[in-house]
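Only one structure is covered here, and it is reproduced in the block below.
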Amino acid sequence: MGNINHSKAFMAQTRETFHHQALIRLAEPVKQQPCVALSADKATLNKRTMDITAITAVVLEAPVGRMIQGFVVGAPVVKERDGNGHTQQLRGTIASLGTTRTEQLSAFAADEQVHHNSVPTKLLQAMSVGSASPACVPCVWDAAHLINLADQNARNAPSCKWKGTWKALK
């Protein structure tokens, strides 16, 4: 065996090849669907910030009860932190699946920074170029962030009965 295929470069190349093949296989059923739901968020690992892009799609071949599935379709390293750069990166990621028109999106969920940078508006404008009808895609804050905000608001309310409880438990 020796040192064949034991380098860091081999794993990086294998990961890229696997990711590329997985997207090719996922793109076929996605292209046959009327639409997918899109979700975007950030993650920082080892001081590298990535844009996590996921879709929710109907998988007709899946067993009943498991037909709606989520897939992470991209996690490129953030190169530009402004709305235009993020929009282009997101658009490129979903285009690799064949999702290039607003009619192919059922919804878009993202966190505050994505909305603050007007990424949903910019993405829908870019995807609707040449379309006869205006984009009609609901763009919402994702549920996890909404729950977190609701929890913070409830804990900070003057009537919150949990105030001071965590300090007392320590």
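Per UniProt numbering, the sequence shown starts with residue 1, numbered consecutively. Every residue gets a Cβ at the ideal spot worked out from N, C-alpha and C, and that includes glycine.
Return helix, strand or coil for residue i, following the three-state DSSP convention.
i	result
residue 181	As displayed, the chain neither begins before 1 nor continues past 170, which places residue 181 out of reach and without an answer.
Asp51	strand
Val140	strand
Val77	strand
Glu28	helix
Arg101	coil
Leu60	coil
Ala157	coil
residue 181	No statement about residue 181 is possible, as the shown extent of the chain runs from 1 to 170 and does not include it.
Ala132	coil
Measure the C-alpha to C-alpha separation of residue i and residue j and round it to an integer number of angstroms.
i	j	result
Leu38	Ala9	32 Å
Val77	Gln104	25 Å
Met1	Ala43	In this predicted model, Met1 has a pLDDT of only 44, less than 50, meaning its place in the structure is not dependable; the value taken from the coordinates is given anyway. Computed Cα separation, rounded: 37 Å.
Met11	Val137	39 Å
Thr87	Val36	18 Å
Arg15	Ser159	51 Å
Ala62	Pro34	17 Å
Gly70	Lys31	16 Å
Thr93	Ala150	31 Å
His20	Asn153	42 Å
Asn148	Val114	16 Å
Gly130	Thr99	15 Å
Val64	Val58	11 Å
Ala107	Ala40	11 Å
Leu97	Glu28	8 Å
Pro120	Gln89	13 Å
Ile68	Leu23	18 Å
Got a sec, what are the start and stop residues for the alpha helix (DSSP H) residue i sits in?
i	result
Lys122	Val119 to Met127
Gly92	Gly83 to Ala95
Thinking C-beta only, is residue j closer than 7 Å to residue i?
i	j	result
Val73	Thr56	no
Arg91	Ala126	yes
Gly85	Lys122	no
Ala109	Val140	yes
Thr102	Ala135	yes
Can you pull the DSSP bridge partners for residue i?
i	result
Leu38	Ile55 and Phe108
Ala43	Met50
Would you kindly report the start and end of the unbroken beta strand (DSSP E) that includes residue i?
i	result
Gln69	Ile68 to Gly74
Can you determine whether any heavy atom of the ligand MG sits closer than 6 Å to the C-beta of residue i, and answer yes or no?
i	result
Thr99	As presented, the structure is devoid of all ligands, the ligand MG included, so that no description of it is given.
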